[in-house]
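First up is the structure itself, then whatever we jot down about it.
Numbering (the working numbering), first residue to last: 13 to 185.
If you want it as structure tokens, here you go:
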């Protein structure tokens, strides 16, 4: 009998959670009721409650979020051929959230790159305060590891926004 009550309670709970809106009221006899429909008759007290999904922020892992907060990543790249493609692929494969900047298409990005490296060499990776000019996968991976980023994508393919000098994140330009 106890199992029947547990199953019934679970069924009602799941239906209420799926409903999105729940009404709670106390009837004239003082009994508390919950339903996804408002009561038709007079009640002492009626409350409408909005249910939200019971989901922890599913955008990325805690490890990735923590690393991105402490050491935001910015990739300066463009049409530099396989070097820039490999650079983007490395970050995407590891599930790294990053700000993508193409100096050839944006004057502000061009100015920022010039100021950062005193030149226009691409690709350039900025991780926190560390800057690496050119495609150096071993060095890039080493700095990403030191910054606390996971070695593989543990986000399930979801990309998350991060403040990399406060730009909008683009993972695939």
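C-beta atoms are modelled at their ideal positions from N, C-alpha and C, and glycine is treated no differently.
Backbone secondary structure at residue i - three-state DSSP
{"i": "residue 139", "result": "strand"}
{"i": "residue 50", "result": "coil"}
{"i": "residue 59", "result": "strand"}
{"i": "residue 161", "result": "coil"}
{"i": "residue 145", "result": "strand"}
Other residues of its chain near residue i: CB distance less than 7 Å, five sequence neighbours each side excluded
{"i": "residue 114", "result": "89, 90, 121, 185"}
{"i": "residue 156", "result": "106, 108, 139"}
{"i": "residue 78", "result": "160"}
{"i": "residue 143", "result": "128, 129, 136"}
{"i": "residue 96", "result": "89, 90, 134, 135"}
{"i": "residue 74", "result": "none"}
Cβ neighbour criterion (16 or more within 10 Å) applied to residue i
{"i": "residue 94", "result": "exposed"}
{"i": "residue 150", "result": "exposed"}
{"i": "residue 84", "result": "buried"}
{"i": "residue 116", "result": "exposed"}
{"i": "residue 41", "result": "exposed"}
{"i": "residue 46", "result": "exposed"}
{"i": "residue 50", "result": "exposed"}
Cβ neighbours of residue i in the same chain (closer than 8 Å, five flanking residues each side left out)
{"i": "residue 76", "result": "107, 108, 109, 161, 162, 166, 167, 172"}
{"i": "residue 98", "result": "147, 149"}
{"i": "residue 145", "result": "129, 131, 133, 136"}
Chain D contact for residue i (CB, 8 Å cutoff)
{"i": "residue 38", "result": "Protein chains in the displayed structure number just one, and chain D is not present."}
Residue i vs residue j beta-carbon contact at 8 Å
{"i": "residue 52", "j": "residue 86", "result": "no"}
{"i": "residue 55", "j": "residue 34", "result": "no"}
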